[in-house]
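Chemist: Please see the structure below; I have some questions.
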Amino acid sequence: MAEPPADWPSLVCPACRRIVEGRLEQRRLQPHPAGLRCPGCAVIYPAVDGVPVVLTDVDGWLAEEAASLVCRRDLPPAVLGRIAQGAGGVLWRDLERRAIAAASPDSPLWQWVRQILASIDGRIVELGCGTGRHGDARVLGIDLHWDSLRAYPGPCLVADALDPPLPGHCCDAVLAINLLDSCRDPGLLLQQALALLAPGGCLVMASPLHWQRAVTAPDRWLTAEFVTEWLRGQGLEVSVGVEEWVLQVGPHSRTIHQCHTWLARHRPPAPEHRRNSGAVGR
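Numbering (my numbering), first residue to last: 1489 to 1770.
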């Protein structure tokens, strides 16, 4: 877990970012003793252990995650676990999440992700990164869960994948692994992921599309075919597949999901002579 690297662009304020007369207005955050501050709306975004917390409702998140934020790191795991079990609430929830994630075996899905990451240079961001099972310390992780980010292998932000505090077209690759069916608005997630991609960048996505009404309203559920056609409609070249994802759900039980996968890249521009000849022919 670490703060974003210096070669990444400055973060932008999600609280006052808006469209005015058809143009996007956004303000770059500036350093502040507590972390970062917006020069426009004056919202202060704290940095905890060097990790910026950049959310529209930052106070709501701080209230929800307070137990995890102040949790001691010098306690033996068994002692901390027993305290958390008795206390309940968010601390116990997050410790359970980390323990389950750590116990999950490696899966063909993560092998697929690592193979793709090995071929990518430049800025890479992972939306809904969790603990970062890919293990690649180059990837900037974005997640809402502080305790998951504690185990993340690289730089990270506490931020909303549906409202990432990054300027547009700043990433050479965007990852969204097992997030599409775990957010309230998967259509918006697709739009945000595409908005982050730089020209020539690639989008790496996977999901079992195991929808839950408590997470996503049924009228927002997407099919694999819809996702594929939507990406192609945005001018991307799309490769689709299926990879197995093994998830530890208890001390003695696992579930195996068949995840749809998408590797989408911007199509290279047509050669100049072909564009001209096509225009003349009309």
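Virtual Cβ for every residue (Gly too), placed ideally from N, Cα, C.
From the DSSP output, read off the bridge partner residues of H1622.
Modeler: Paired residue(s): none; H1622 is not in a bridge.
Chemist: Please name the residue, chosen from W1709, R1701 and G1689, that lies closest to L1724 on a Cα-to-Cα basis.
Modeler: Checking every option, the nearest Cα to that of L1724 belongs to G1689.
Chemist: Mapping DSSP to helix, strand and coil, what is A1591?
Modeler: Bear in mind that the predicted position of A1591 carries a pLDDT of just 47, short of 50, making it unreliable; the figure below should be weighed with that in mind. Here A1591 sits in helix by DSSP.
Chemist: What span of residues does the beta strand (DSSP E) with V1715 cover, start to end?
Modeler: Segment A1712 to G1721 is the alpha helix (DSSP H) holding V1715; no beta strand (DSSP E) there.
Chemist: Determine the contact status of V1703 and A1681, defining contact as a CB-CB distance below 7 Å.
Modeler: Not closer than 7 Å, so no.
Chemist: Within 10 Å of its beta-carbon, does G1510 have 16 or more other beta-carbons around it, so buried, or fewer, so exposed?
Modeler: Its Cβ having fewer than 16 others within 10 Å, G1510 is exposed.
Chemist: In whole angstroms, what separates the C-alpha of D1648 from that of G1616?
Modeler: In a straight line, the C-alpha of D1648 is about 8 Å away from that of G1616.
Chemist: When burial is assigned at 16 or more other CB atoms within 10 Å of the CB, is T1743 buried or exposed?
Modeler: T1743 should be labelled exposed.
Chemist: What's the call for S1556, buried or exposed, on a 16-neighbour Cβ count within 10 Å?
Modeler: S1556 comes out buried.
Chemist: Can you give me the C-alpha to C-alpha distance between L1499 and E1553, rounded to a whole angstrom?
Modeler: Between L1499 and E1553, the C-alpha separation is close to 22 Å.
Chemist: Take every Cβ of the stretch 1632 to 1649, pair it with every Cβ of the stretch 1604 to 1624, and state whether three or more of those distances are shorter than 8 Å.
Modeler: The stretch 1632 to 1649 vs the stretch 1604 to 1624: in contact.
Chemist: Can you give me the Cβ contacts of S1741 inside the same chain, cut-off strictly under 8 Å, excluding the 5 residues immediately before and after it?
Modeler: Excluding sequence neighbours, S1741 sits near nothing in its chain.
Chemist: Which runs of the beta strand (DSSP E) at least 3 residues long sit entirely within the stretch 1664 to 1713? Give them in chain order.
Modeler: You should have 1685 to 1695.
Chemist: Are the beta-carbon atoms of V1542 and Y1533 separated by less than 7 Å?
Modeler: It is a contact, given that the beta carbons lie within the stated cut-off.
Chemist: Can you tell me where the alpha helix (DSSP H) holding D1547 begins and where it ends?
Modeler: First-last of the alpha helix (DSSP H) with D1547: V1546 to L1557.
Chemist: What is the rounded straight-line gap between the Cα of R1753 and the Cα of P1564?
Modeler: Answer to the nearest angstrom: the Cα atoms are 46 Å apart.
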